Amino acid sequence: MANKLSVAVAFALLCLGGTLAQTQAGRAARRAGHILHKRQNQASKSASFTYGDVTLSGFSRITGRLGVVAEAVGPGTTVDMMDQNHKATGRLQAKQITVYWTQGSTQAQRIEAVGSVRYSGVQPTPGGEQRVRGEGSKAIFVRAENKITLFGPATFYAEQPVPDTHTVQTVSGTSNEVIYDATKQTLTFNGNVNATITMPDTLEGPAHIAGAESITLELAERPYTFNVKLGSVEFHPKQSQPKPK
Numbered sequence: 000m001a002n003k004l005s006v007a008v009a010f011a012l013l014c015l016g017g018t019l020a021q022t023q024a025g026r027a028a029r030r031a032g033h034i035l036h037k038r039q040n041q042a043s044k045s046a047s048f049t050y051g052d053v054t055l056s057g058f059s060r061i062t063g064r065l066g067v068v069a070e071a072v073g074p075g076t077t078v079d080m081m082d083q084n085h086k087a088t089g090r091l092q093a094k095q096i097t098v099y100w101t102q103g104s105t106q107a108q109r110i111e112a113v114g115s116v117r118y119s120g121v122q123p124t125p126g127g128e129q130r131v132r133g134e135g136s137k138a139i140f141v142r143a144e145n146k147i148t149l150f151g152p153a154t155f156y157a158e159q160p161v162p163d164t165h166t167v168q169t170v171s172g173t174s175n176e177v178i179y180d181a182t183k184q185t186l187t188f189n190g191n192v193n194a195t196i197t198m199p200d201t202l203e204g205p206a207h208i209a210g211a212e213s214i215t216l217e218l219a220e221r222p223y224t225f226n227v228k229l230g231s232v233e234f235h236p237k238q239s240q241p242k243p244k
């Protein structure tokens, strides 16, 4: 509770203090910021700040301007996001996370993460929950497009059920860049792509893609449809079973 209160106070000072760095109030704000930094270093796991549709937690230091921008720093820094309309959730973890809010709104507009980035998300689909996770050195999430870009070397994994056959389709891969568009339900790997795709209903074992320039998958399709630019592709279609006489 003390951490949450100190975070709120720090943001209030940032909002009201503005450019008062040379005044007594500005010096007090800096002292408050120093105290905040010290306290949250001692208990960064419990530090949290919620504004609008995002919650920042696990940081050791946070600065910014309430409703405009917040920068949280620390090896355990986490931001949790929720799409109220589609009931989708997402989580970013990194050494530094910056959140930008839409002016006059409590909705986050853009989130940037730098340093040992990890992403995970759950997206409801007609056939069941789609689960994704990825890692990279940097990430940019754009709320209006519901799209995250991971910069590499980056890895990504996605899975979703096929309700008719009770199987699960998956894709995993590495590349220089990964773009996951939750609205369009596309997953794109760009640059030095190596990927593995499993579609139990149509393939005998996994499909392997190596050294490709890019791959784009339509995740909403069952089975997946994908477009490969250059690179080698190896797969074995499942043989149809003869109908019993």
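Every letter in the sequence shown is one number past the one before it in numbering that gives the first Met the number 0, and letter 202, counting from 1, is 201.
Note that the Cβ used here is the ideal one computed from N, Cα and C, for glycine as well.
As the structure is a computational prediction, the values presented were derived from the model and not from experiment.
- The beta carbons of Y99 and R132 sit no closer together than 8 Å.
- Going by DSSP, S104 is part of no beta strand (DSSP E) at all; its letter is neither H nor E.
- Within the DSSP secondary-structure output, F234 pairs in no beta bridge.
- At a cut-off of 4 residues, not a single continuous stretch assigned as alpha helix (DSSP H) sits fully inside the stretch 89 to 132.
- Per DSSP, V67 is not a residue of any beta strand (DSSP E), being assigned neither H nor E.
- For K146, the enclosing beta strand (DSSP E) begins and ends at K146 to V161.
- Remark: three or more beta-carbon pairs, one from each stretch, lie closer than 8 Å, so the stretch 125 to 140 and the stretch 151 to 168 are flagged as touching.
- In the three-state reduction of the DSSP assignment, F58 falls in the coil class, being assigned neither a helical nor a strand state.
- Of the residues L218, K137, V78 and L202, the one whose Cα lies closest to the Cα of P160 is L218.
- For P74, the three-state secondary structure derived from DSSP is strand.
- Of the residues assessed, A87 falls on the buried side of the cut-off, its CB having 16 or more other CB atoms within 10 angstroms.
- Taking the Cα positions, T166 is about 8 Å away from D200.
- Residue state for K183 is assigned as coil, using DSSP reduced to three classes.
- Taken through DSSP and simplified to helix, strand or coil, S239 comes out as coil.
- Residue range A206 to E217 is occupied by the beta strand (DSSP E) that includes A206.
- Within 10 angstroms of the beta-carbon of A93 lie 16 or more other beta-carbons, which makes it buried.
- In the three-state reduction of the DSSP assignment, T166 falls in the strand class, which pools E and B.
- Burial state of G204 is exposed, judged by a 10 Å Cβ sphere holding fewer than 16 other Cβ atoms.
- Rounded to whole angstroms, the gap between the alpha carbons of D163 and G127 is 11 Å.
- V121 sits exposed, since fewer than 16 C-beta atoms from the chains shown fall within 10 Å of its C-beta.
- Residue environment analysis places R60 among the buried positions, since at least 16 neighbouring C-beta atoms fall within 10 angstroms of its C-beta.
- Within the same chain, G51, D52, W100 and R142 come within 8 Å of Q106 by CB-CB distance, once the 5 residues on both sides are set aside.
- Rounded to the nearest whole angstrom, the C-alpha separation of T76 and D180 is 24 Å.
- Sequence-distant Cβ neighbours of V67 in its own chain, meaning closer than 7 Å and more than five residues away, are W100.
- Taking the CA atoms as reference points, R117 sits about 11 Å from G89.
- Between S171 and G190, the CB-CB gap reaches or exceeds 8 Å.
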